[in-house]
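The structure under discussion appears below in the form of C-alpha cells.
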Amino acid sequence: MNTGQTHKSYSVKEATIKLMQFCAYRDRSHKEVEEKLREMNMIPAAQEQIIIQLMQEDFLNEERFARSFVRGKFRIKKWGRIKIRQGLKFREISYPIIKLALTEIEEEAYLHTLEELAIKKQKAIKENNLFKKKRKLADFLLQKGYEANLVYDKVNSLVK
C-alpha cells in the first residue's frame, strides 16, 4: 500500500550538508538535530558521525543555542526565567548550560519588562472587582513565566 510518502535516502555527506544548512539557518539544539537525522532515516553510527562533525565545525553548539534561545524568548516573547528554563529543559539542555544561558538576561531589563507587561495587561483587564483584577493580572504574569514573588509584589503595587 503506497501512502504517497517516499523516503529519500541520504549519503552521510549529503545528510551532513543538509544538516549544516539546517543549523546555519538558526541555532539548533542537539535534540532538534537528532530528530532531523531520525526523520532522514540515518543509522545511529551515521547520526553520531554527523553530529560530531557539526560540533567540530561549530554548526552545532549547545551553549550558543541556549544563549540565543534565552535572548529571543525574553526580548521577543517577553517570557520570564521560569518559562525559559522549562523551554530549555524540554530541549534537553543540561542544567549548567541553562544556568549560564540565563545570564543573558540583565536583572534591570528583566524587572523593566515585567513592569511593562504588568501595566499593559492591567489596562486591558476589564474587571471592577479588585480581587479578581489582581488574580487575572497575577495569572497572566505567572503564565508568562515570571517568579511568584516578583509577580505578587508587582500586582500589589499596581492594583489598588
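One point on numbering: in my numbering, the residue at position 101 of the sequence shown is 106, and numbering is uninterrupted.
Just so it is clear, CB atoms sit at the ideal spot from N, CA and C, and this is done for glycine as well.
Since the model is a prediction, treat every value here as computed from it, not as a measurement.
Residues M45 of the same chain have their beta carbon placed closer than 6 Å to that of Y15, with the five preceding and five following residues left out of the count. The C-beta of Y100 has fewer than 16 other C-beta atoms within 10 Å across all chains shown, which makes the residue exposed.
With 16 or more other Cβ atoms inside 10 Å of its own Cβ, L42 counts as buried.
Rounded to the nearest angstrom, the Cβ distance from V164 to L135 is 7 Å, consistent with a contact under 8 Å.
In chain order, L42 place their CB closer than 6 Å to the CB of Q52, counting only its own chain and leaving out the 5 sequence neighbours on each side.
About 4 Å separates the beta carbon of K138 from that of E132, a gap short enough to meet the 8 Å contact definition.
Contact between the region 60-68 and the region 76-95 is absent: fewer than 3 CB-CB pairs across the two stretches fall below 8 Å. In the three-state reduction of the DSSP assignment, R33 falls in the coil class. In the three-state reduction of the DSSP assignment, Y15 falls in the coil class. Under the three-state reduction of DSSP output, V75 falls in the helix class.
Around the CB of D158, fewer than 16 other CB atoms lie within 10 Å, so the residue is classed as exposed. Secondary structure at G92: helix, using DSSP grouped into helix, strand and coil. Nearest to D32 by alpha-carbon distance, out of E19, K13, N66, is N66. Here M45 carries a coil assignment [DSSP, helix/strand/coil]. Per DSSP, reduced to three states, the secondary structure at L65 is coil, with no helix or strand assignment. Check the Cα spacing between A114 and each of K141, G85, K128: the tightest is with G85.
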